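At position 12 of the sequence shown (counting the first as 1) the number is 29 in our numbering, and the numbers step up by one without a gap. Report on the following structure.
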Amino acid sequence: MSYYSYSKEINHNNVVFREFDVESIKKMFTKIFEVYNPKIKAEIFDSFCEDFYDLAKEIHAPNERMWRMIITDMLFSYDEKGYLEQASEDNTIKRRQFAIIASVVISKLRANH
Numbered sequence: 018m019s020y021y022s023y024s025k026e027i028n029h030n031n032v033v034f035r036e037f038d039v040e041s042i043k044k045m046f047t048k049i050f051e052v053y054n055p056k057i058k059a060e061i062f063d064s065f066c067e068d069f070y071d072l073a074k075e076i077h078a079p080n081e082r083m084w085r086m087i088i089t090d091m092l093f094s095y096d097e098k099g100y101l102e103q104a105s106e107d108n109t110i111k112r113r114q115f116a117i118i119a120s121v122v123i124s125k126l127r128a129n130h
C-alpha cells in the first residue's frame, strides 16, 4: 500500500520566474486584459501592477499552485473593492476566469518563457 502526501505533491510543480520590473508587469497585464475578462479599471491599473510587482518580489514561493492561489485571491480582493470591469455576478464563473488569468500570468513570468 502506497502512502499519499499532499504536501509532497505541492512541491513537485515549482516555477522559476524570469527577471521583471514594474514596466514589464504593466506590459504583461495590458496584453492579458486585452484578451481576458474581467479587466482592472483603468484608473486603478497602475496601482494593481505595482501591487502585483511588490507581491511577486516579496513572496518567495516557488510553487505554481500557491502562485495561482495568490493571483486568484488578489483578483478576488480587487473585485470585492469594485475595481474590476465586466466581472460576473457568479463566483463560479469568476473563479474560472481568475484561474485562467493566473495561469496565463504564471506562464508569461516563467524563466523559460
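We put the CB at the ideal spot given by N, CA and C, even for glycine. Quick caveat: nothing in here was measured; it's all calculated off a predicted structure.
- In the three-state scheme derived from DSSP, where H, G and I count as helix and E and B as strand, PHE115 is classed as helix.
- Annotated as proximal: TYR53 and VAL121, with beta-carbon spacing under 8 Å.
- Going by beta carbons, GLU81 and VAL32 fall inside the 8 Å limit.
- Secondary structure at ASN108: helix, using DSSP grouped into helix, strand and coil.
- The region 82-92 and the region 39-49 do not touch, with fewer than 3 CB-CB distances between them shorter than 8 Å.
- In terms of Cβ geometry, ILE42 and PHE69 form a close pair [threshold 8 Å].
- Taking the CA atoms as reference points, SER105 sits about 8 Å from PRO55.
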